[in-house]
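J.:
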Amino acid sequence: MSRQQKRKQVLLRLDPAVYEALARWAAAELRSTNAQIDYLLRRSLKDARRLPRDAAPPPRRGRPPRDGGGHD
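Residue numbers (my numbering): 35 to 106.
This is the structure in structure tokens:
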């Protein structure tokens with residue numbers, strides 16, 4: 035498995051009101067709550083100039099490509 039495919043899983047405990055606010059914000063931007071948290075963390079790291087140069091790019095949005103490559 036390549037480095038880009040590995041994603042670290044973490045348990046994150048949040049205040050319910052904070053989670054609900056994140057979930058609403060994510061829905062408004064058509065992201066999952068997890069993707070919104072990832073986006074915000076990356077943006078904060080970049081703004082603080084602490085995003086590692088070798089950090090894998092965020093996963094592409096949308097559905098993963100279909101296997102087989104055939105057209106329907």
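Glycine residues also receive a C-beta, built at the ideal position from the N, C-alpha and C atoms.
Since the model is a prediction, treat every value here as computed from it, not as a measurement.
Spatial neighbours of L85 within its chain, please: CB distance less than 6 Å, with the 5 preceding and 5 following residues excluded, ordered by chain position.
T.: L79
J.: Do L46 and I71 have their C-beta atoms within less than 9 Å of each other?
T.: Yes, Cβ-Cβ distance for L46 and I71 is below 9 Å.
J.: Could you tell me if R83 is buried or exposed, where buried requires 16 or more neighbouring beta carbons within 10 angstroms of its beta carbon?
T.: That one is exposed.
J.: Rounding to the nearest angstrom, what Cα-Cα distance links R76 and R95 in this structure?
T.: 15 Å
J.: For Q70, report the span of its alpha helix (DSSP H) as first-last.
T.: T67 to D81
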